[in-house]
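Colleague: My structure is below; once you've seen it, I'll send some questions.
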Amino acid sequence: MYIEKRIKLRDINYYIRVELEYKRENNDFVCLRMKNYKDDYYDGGDFSILIEEIEKKYTFEKAQKYDKNISYMADVIYLYERIPFLSGIRDEYISSKDNLPYSIGYISKEEIEKYIEENNIKINRNDKFSLGDGRTWNI
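Under my numbering, the first residue of the sequence shown carries the number 2, and numbering increases by one thereafter.
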């Protein structure tokens, strides 16, 4: 299953997609966990707090360090560095004329990693990141 949460950078709505699954714990209690991340803890409230903090600290200048030519990729990599458990990022532009989406895009985690590698972009790979511990967040 996927959950998407909106994050707004400048005037652009991005949706962070996370792949989740239900797992049975030792005490036979069923929990929602991240599917493809080493620290599989997931809590929607913690995720919302992380998103709020990223929105507050974001500046276009900070994002440009990842890509000066393509602002979309600069934002995507900015988000990926801070939300390493994401499965992908969707963006959507709403028409002011009829309030409907006129453009929707999606980039997967694999495509983001490939772009980073092919363009020799330096990012902080936060191996200690834990959604449940705000002290490990790179904001």
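Ideal Cβ positions, reconstructed from N, Cα and C, are used throughout, including at glycine. On a predicted model such as this, the values are computed, not experimentally measured, just so you know.
1) On the DSSP letters alone, give me the boundaries of the alpha helix (DSSP H) that G141 sits inside.
2) For E20, collect the residues of the same chain with a Cβ closer than 8 Å to its Cβ; drop the 5 residues on either side in sequence, then sort them by chain order.
3) Assign L87 to one of three DSSP states: helix, strand, or coil.
4) Distance check for I55 and D44, CA to CA, integer angstroms please.
5) Have a look at the DSSP bridge pairing and note the partners of G106.
6) Taking the beta carbon of R83 as the centre, do at least 16 other beta carbons fall within 10 Å, making it buried, or is it exposed?
7) Name the DSSP beta bridge partners of V19, please?
8) If you run the structure through DSSP and keep just helix, strand and coil, what is I140?
9) Nearest to F48 by CA position, among Y16, I95, P102, is which residue?
10) Which stretch, first to last residue, makes up the beta strand (DSSP E) that contains L101?
11) Assuming contact is defined by CB atoms lying nearer than 7 Å, are R18 and E5 in contact in what I supplied?
12) Could you compute how far the alpha carbon of D68 sits from the alpha carbon of D99?
13) Compare the C-alpha of D41 against each of I13, N28, Y23, P102 and name the closest.
14) Can you pull the DSSP bridge partners for K33?
Modeller: Per the coordinate set shown:
1) Any property of residue 141 remains undetermined from this structure, which presents the chain solely from 2 to 140.
2) For E20, where only same-chain residues beyond five positions count, the Cβ hits under 8 Å are M2, Y3, M35, K36, N37, S88.
3) L87 falls in the coil class under three-state DSSP.
4) Taking the straight line from one Cα to the other gives about 17 Å.
5) D92, per the DSSP bridge assignment.
6) When all chains shown are included, R83 counts as buried.
7) V19 is bridged to I4.
8) In the displayed model, I140 falls within coil according to three-state DSSP, outside both helix and strand.
9) Distance check between F48 and each of Y16, I95, P102 places Y16 closest, using alpha-carbon atoms only.
10) Taken as a continuous stretch (DSSP letters only), L101 belongs to no beta strand (DSSP E), as it is neither H nor E.
11) For R18 and E5, yes; Cβs fall inside 7 Å.
12) Roughly 32 Å between the two C-alpha positions.
13) Among I13, N28, Y23, P102, the Cα nearest to that of D41 belongs to Y23.
14) It should be pointed out that residue 33 corresponds to Leu in this sequence rather than to Lys. BP columns for L33 point to Y23.
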